[in-house]
Amino acid sequence: MKKTLDEHAERFSEAASTYDDEQDSAAYCMCVRDVVTHAAPTSRDTVLDLGTGTGAIAFELTSTADRVIGRDISTGMLEQAQTKANVEHVENISFAEGRFREPNIDSDTDIDIITSNFAMHHLSDDEKRDAIAVISSLEPRRFVLGDVMFFGSPNPEEPFYDPSVDDPATVGTLVDALTDAGFAITDVEFVHEQAGVLVAEQ
Ligand SMILES: C[S@@+](CC[C@H](N)C(=O)[O-])C[C@H]1O[C@@H](n2cnc3c(N)ncnc32)[C@H](O)[C@@H]1O
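Take -16 as the starting number for the sequence shown in our numbering and just add one per residue.
Shown next, in the form of structure tokens:
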């Protein structure tokens, strides 16, 4: 991880009030669309969205899921998400502090589907592997990961990510970590040379 958890949390809290207005890149929008499409919860499913931010993925899934749980390390992002839930009277969504490797889920809560979009790339590859092991231990039937990830070699002339704060993995590294944790990869969406969506099932 290029920054500590507290530094990432503070950085996102500072950006929280304008975050939604600034997410207009084609790659981000395509990842949101593909994560939502592949998550495909039914009305009996509980979905956990990790690194939920202001809830871009989480809110999209409330119309089909039974319940959506958002977890994030940034108080500011979580406050924005909760405000949207209050204003829009969305009742089957909840937000609280939680991190990839400690998602803060009660042992009596069954998680059916886990999603994450544009968040896991803040972890180092070893930390991603640990996070994926934790995700697997929650026994979701599906994990949908949209993120900055390298399908080829990153082009230093055209940085898609910020090397001072981001630490993306290659698709191969992610696939290895997912399959080692017991997932089968059932779909891969190429969005950009440096962004995509992986669908993993167990
Ligand atoms: C670029 S935003 C993406 C938010 C949202 N998923 C979306 O698609 O708009 C990244 C989010 O990941 C959160 N984050 C970073 N590291 C995290 C960690 N270790 N555990 C949980 N959330 C984390 C940040 O606080 C931030 O809200």
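Just so it is clear, CB atoms sit at the ideal spot from N, CA and C, and this is done for glycine as well.
Computed from a predicted model, the values in this text were never measured in an experiment.
Less than 6 Å between the CB of residue i and some heavy atom of ligand 3, yes or no?
i: D55; result: In terms of ligand content, the structure shown lacks ligand 3 and carries ligand 1 instead.
Is residue j closer than 7 Å to residue i when the C-beta atoms are compared?
i: G36; j: M60; result: yes
i: I56; j: L(-12); result: yes
i: R84; j: D130; result: no
i: T98; j: A48; result: no
Which term fits residue i, buried or exposed, when burial requires 16 or more other beta carbons within 10 angstroms of its beta carbon?
i: E141; result: exposed
i: H72; result: exposed
i: E14; result: Position check: residue 14 holds Cys in this sequence, whereas Glu was assumed. C14 should be labelled buried.
i: G155; result: exposed
i: T29; result: buried
i: P151; result: buried
i: E54; result: Residue identity differs from the one stated: residue 54 is Arg in this sequence, not Glu. With 16 or more other Cβ atoms within 10 Å, it is buried.
i: R124; result: exposed
Any heavy atom of ligand 1 closer than 6 Å to the CB of residue i?
i: M60; result: yes
i: G36; result: yes
i: A41; result: no
i: F101; result: yes
i: R82; result: yes
i: H(-9); result: yes
i: H105; result: yes
i: F(-5); result: yes
Next on the checklist: Runs of 4 residues minimum, wholly inside the stretch 0 to 28: which ones carry the alpha helix (DSSP H) assignment?
Outcome noted: The qualifying runs are 9 to 22.
Next on the checklist: Please give me, in chain order, every unbroken run of the alpha helix (DSSP H) with length at least 4 that falls completely inside the stretch 124 to 164.
Outcome noted: At a cut-off of 4 residues, the continuous stretches assigned as alpha helix (DSSP H) that sit fully inside the stretch 124 to 164 are 154 to 163.
Item to check | Unbroken stretches of the beta strand (DSSP E), 3 residues or longer, contained in the stretch 24 to 93 | outcome: As far as the stretch 24 to 93 is concerned, its whole beta strand (DSSP E) runs of at least 3 residues are 29 to 33, 50 to 55, 76 to 80.
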